[in-house]
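Undergrad:
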Amino acid sequence: MSADGTVIGGGEIAPLRGDLRLVADMILPGSRVLDVGCGDGVLLAWLARQKGVDGRGMELESAKVRQAIARGVSVYQGDIDEGLADYPDGAFDYVILSQTLQQTHQPLRVLREMLRVGRRVIVAFPNFGHWSVRLTMMFSGGAPKTKLFPYNWYDSPNIHFLTVRDFEALIGVHHLVVERRYFLAGHRKVFAFPNLMAEVAVYLLSGTIE
């Protein structure tokens, strides 16, 4: 791994983006980890090399599955919306869902399943309440198209546009335990007014959803 947090695998060098560095910091060495929507497997590859985790990945896109396998990651093609029925309760120490919750059809069901199979859950998502999104909607009068949400409304993979405030409300309703929460704007941590100032939110949760 290079000094800037890159990992070498499958002949490639890939940087860990800011939210993934925070996710990696939350995970204890030697843990059992399931990364749902693992993409090209860069996080699991980093965790295996640097923390000796026993990692598994799940990814919908076949091209990304192949990339993850080329990095030496144990990954299979699957859809998180179809659940994690193949895994027993408490099968993992951590279940990760990074930048994918807003793309799921049934986010509450997804979270319930993650909390069932994992002792702890790490969720990272883009904050639709960020000031840039609000300004874009106010001045354009249309669906936002920003650095954070770069898609047109008709080809966006995002289905649910949640904010930090929305996610905090869900946590409260279901009495989940927040073990850690971080907010980012670019590479900087945000400490004040996260619903307005944070581009990305990262939560470490435990508990159950009935």
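Sequential numbering from 1192 applies to the sequence shown in the numbering used here. Every residue gets a Cβ at the ideal spot worked out from N, C-alpha and C, and that includes glycine.
#1: Is DSSP giving residue 1222 helix, strand or coil here?
#2: So, at 7 angstroms on beta carbons, what are the nonlocal neighbours of residue 1383 in its own chain, with the 5 sequence-adjacent residues on each side left out?
#3: Using only CA atoms, which one of 1214, 1387, 1369 and 1256 lies nearest to residue 1289?
#4: Report yes if the CB atom of residue 1247 is closer than 8 angstroms to the CB atom of residue 1275, and no otherwise.
#5: Out of curiosity, what's the CA-to-CA distance linking residue 1403 and residue 1237?
#6: Between the beta-carbon of residue 1398 and the beta-carbon of residue 1361, is there less than 8 angstroms?
#7: Residues in the same chain with beta-carbon distance under 7 angstroms from residue 1252, minus the five sequence neighbours each way, listed in chain order, please.
#8: Could you tell me whether the region 1301-1311 touches the region 1330-1342, using the rule of 3 or more Cβ pairs below 8 angstroms?
#9: Return the first residue and the last residue of the beta strand (DSSP E) that residue 1375 is part of.
#10: Check the C-beta distance from residue 1244 over to residue 1265 and give it rounded, since I have them as a contact under 8 angstroms.
#11: Looking at the secondary structure, which residues open and close the beta strand (DSSP E) in which residue 1360 lies?
#12: Taking the alpha-carbon positions, what's the residue 1372 to residue 1261 distance?
#13: Within its chain, find whatever has a CB closer than 7 angstroms to the CB of residue 1232; leave out the 5 residues flanking it on each side and keep chain order.
#14: Please state the DSSP three-state secondary structure of residue 1290.
#15: Is the distance from the Cβ of residue 1255 to the Cβ of residue 1220 below 8 angstroms?
#16: Given a cut-off of 8 angstroms on the beta-carbon distance, is the pair residue 1286 and residue 1394 in contact?
#17: The beta strand (DSSP E) that contains residue 1247, what's its start and end?
#18: Just tell me which of 1375, 1392 and 1351 has its CA closest to the CA of residue 1369.
#19: Could you work out which residue in 1218, 1240 and 1250 is closest to residue 1230 when comparing CA atoms only?
TA: So, to answer that:
#1: Here residue 1222 refers to the residue found at position 31 of the sequence shown. In the structure shown, residue 1222 sits in coil (DSSP, three-state: anything other than H, G, I, E or B).
#2: Walking along the sequence shown from the start, residue 1383 turns up at place 192. Correct list: empty, nothing qualifies.
#3: Working through the sequence shown from its first residue, we reach residue 1289 at position 98. When only C-alpha atoms are compared, the closest one is 1214.
#4: As a first step, residue 1247 must be located in the sequence shown, where it is residue number 56. As a first step, residue 1275 must be located in the sequence shown, where it is residue number 84. No, the pair does not count as a contact, with Cβ atoms beyond the cut-off.
#5: Past the boundaries of the shown model lies residue 1403; the chain is included only from 1192 to 1401, so the question cannot be answered.
#6: For the purposes of this step, residue 1398 is taken as the residue at position 207 of the sequence shown. For the purposes of this step, residue 1361 is taken as the residue at position 170 of the sequence shown. No, the Cβ-Cβ distance between residue 1398 and residue 1361 is not below 8 angstroms.
#7: Within the sequence shown, numbered from 1, the residue matching residue 1252 stands at position 61. Within the same chain, residue 1252 has no close Cβ partners at all.
#8: no
#9: The count along the sequence shown starts at 1 and reaches residue 1375 at position 184. Residue 1375 -> beta strand (DSSP E) spans 1368-1376.
#10: Looking up residue 1244 in the sequence shown gives position 53. Looking up residue 1265 in the sequence shown gives position 74. That pair is no contact at about 11 angstroms.
#11: By one-based count along the sequence shown, residue 1360 stands at place 169. It is not in any beta strand (DSSP E) - residue 1360 instead sits in the alpha helix (DSSP H) that spans 1355-1364.
#12: As a working mapping, residue 1372 is identified with position 181 in the sequence shown. As a working mapping, residue 1261 is identified with position 70 in the sequence shown. Each residue's alpha carbon lies about 32 angstroms from the other.
#13: By 1-based counting over the sequence shown, the position of residue 1232 is 41. So the list reads 1248, 1258, 1259, 1262, 1264 and 1266, once near-sequence residues are dropped.
#14: Along the sequence shown, read from residue 1 onward, the residue named residue 1290 stands at position 99. Note: residue 1290 maps to coil in three-state DSSP.
#15: Counted from its first residue, the sequence shown places residue 1255 at position 64. Counted from its first residue, the sequence shown places residue 1220 at position 29. No, Cβ-Cβ distance for residue 1255 and residue 1220 is not below 8 angstroms.
#16: Stepping through the sequence shown from its first residue, residue 1286 is reached at position 95. Stepping through the sequence shown from its first residue, residue 1394 is reached at position 203. No, the pair does not count as a contact, with Cβ atoms beyond the cut-off.
#17: Start at 1 with the first residue of the sequence shown, and residue 1247 comes out as number 56. Segment 1245-1250, the beta strand (DSSP E) holding residue 1247.
#18: Translated into the one-based positions of the sequence shown, residue 1369 becomes position 178. When only C-alpha atoms are compared, the closest one is 1392.
#19: As a first step, residue 1230 must be located in the sequence shown, where it is residue number 39. Checked all of 1218, 1240 and 1250; the closest Cα to residue 1230 is 1250.
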